[in-house]
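Everything below concerns the one structure shown next.
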Amino acid sequence: MRGDFLAVRFIFLCLIVSVISGCSVQRPDAAFNSSGAKGKKHIRKGSAYRTPTPAIEPVRVDYLTLLSEVTNPQIYIYKEKRRLYLVQSNVVVRQYPITLGIHPVGNKQTAGDGRTPVGNFYICQKTPGERSDEALFINYPNKRDAQRALFSGIISPLQFKQILSAAETKTAPPWDTKLGGGVSICAEGGQDNAGHGDIELYSSDMKELFEVASIGTPVHIRP
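Letter by letter, the sequence shown follows residues 28 to 250 in the working numbering.
Rendered as structure tokens:
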């Protein structure tokens with residue numbers, strides 16, 4: 028009887044030892060060392076595993092903000108919503124309805140396609156005028172558009188260099204390439220550029236935006 032009990036106990040202990048030996052216990056920091064050279068998980072620029080930079084989302088809305096207080100604005104345009112948001116320090120200070128070109132869906136590819144480009148831009152030219160002639164031009168094509176076009180053979184290396192040079196100096200890129208250009212934020216009916224993919228506002232809204240925007244103001248256009 029006692030022998031049977033010892034045999035069962037022995038088998039039980041063997042099972043416990045087997046389970047423990049099959050498991051590995053690792054410290055939380057075992058993949059790293061003090062120098063950070065071996066085993067450290069690097070996130071390299073351009074890596075497929077890089078954590079994307081989160082979009083800057085406004086944290087609150089204050090439409091009572093005076094235009095004179097808007098000194099460092101950013102412009103966010105959401106094509107699908109047909110809305111332009113004027114943002115300062117993560118606060119939406121104005122919201123304007125917009126209309127788009129003859130082909131609003133999709134990113135701009137070539138001159139005359141009627142599409143509004145998607146991406147991150149800046150105001151590169153500010154054209155004053157009377158009534159409905161005011162316009163804020165964005166730096167389309169930008170670096171990303173130029174890279175795509177160069178790899179596709181749409182533009183020449185010289186044109187690529189000119190677009191990059193304009194981006195560095197915050198000036199207008201060449202608008203006479205096959206990519207097109209001259210895309211602006213303007214008043215409704217103010218620009219006869221339906222093929223450019225302009226963003227149009229009511230005249231009163233455009234006057235407000237024109238007052239606070241300046242050369243270099245960031246413009247983020249989303250699908």
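For glycine and all other residues, C-beta sits at the position ideal for the given N, C-alpha and C.
Tell me whether the beta-carbon of residue i lies closer than 8 angstroms to the beta-carbon of residue j.
i: I150; j: V246; result: yes
i: P131; j: P168; result: no
i: L111; j: I104; result: yes
i: P144; j: N134; result: yes
i: G141; j: I129; result: yes
i: G209; j: F164; result: yes
What's the C-alpha gap between residue i and residue j?
i: V97; j: G180; result: 42 angstroms
i: F237; j: Q115; result: 15 angstroms
i: A193; j: D232; result: 29 angstroms
i: T137; j: T204; result: 9 angstroms
i: P79; j: K234; result: Confidence in P79 is poor, its pLDDT being 44 and thus under 50, which makes the residue's placement too unreliable to answer from.
i: S241; j: P155; result: 11 angstroms
i: E195; j: L185; result: 15 angstroms
i: S211; j: D89; result: 26 angstroms
i: R171; j: T126; result: 25 angstroms
i: D160; j: Q122; result: 21 angstroms
i: I102; j: A176; result: 26 angstroms
i: V119; j: E215; result: 23 angstroms
Name the two residues that bound the continuous beta strand (DSSP E) containing residue i.
i: E195; result: No beta strand (DSSP E) holds E195; the alpha helix (DSSP H) holding it covers 184 to 196.
i: K153; result: 146 to 154
i: G120; result: The displayed chain sequence assigns Val, not Gly, to residue 120. V120 -> beta strand (DSSP E) spans 118 to 124.
i: A199; result: No beta strand (DSSP E) holds A199; DSSP gives it neither H nor E.
i: P245; result: 245 to 249
Taking 6 angstroms as the limit between beta carbons, can you name the residues of its chain near residue i, skipping five residues before and five after?
i: A173; result: F187, I190
i: G243; result: Y149, K197
Does the distance between the C-beta of residue i and the nearest non-hydrogen atom of the ligand MN fall short of 7 angstroms?
i: E235; result: Of ligands this structure carries none, so the ligand MN is not represented either.
If we cut at 8 angstroms on Cβ distances, does residue i have a partner in chain B?
i: R249; result: Of the protein chains in this structure there is only one, and it is not chain B.
So what does DSSP say about residue i, is it helix, strand or coil?
i: R171; result: helix
i: H130; result: coil
i: E107; result: coil
i: E161; result: coil
Which residues bound the alpha helix (DSSP H) around residue i?
i: S230; result: 230 to 239
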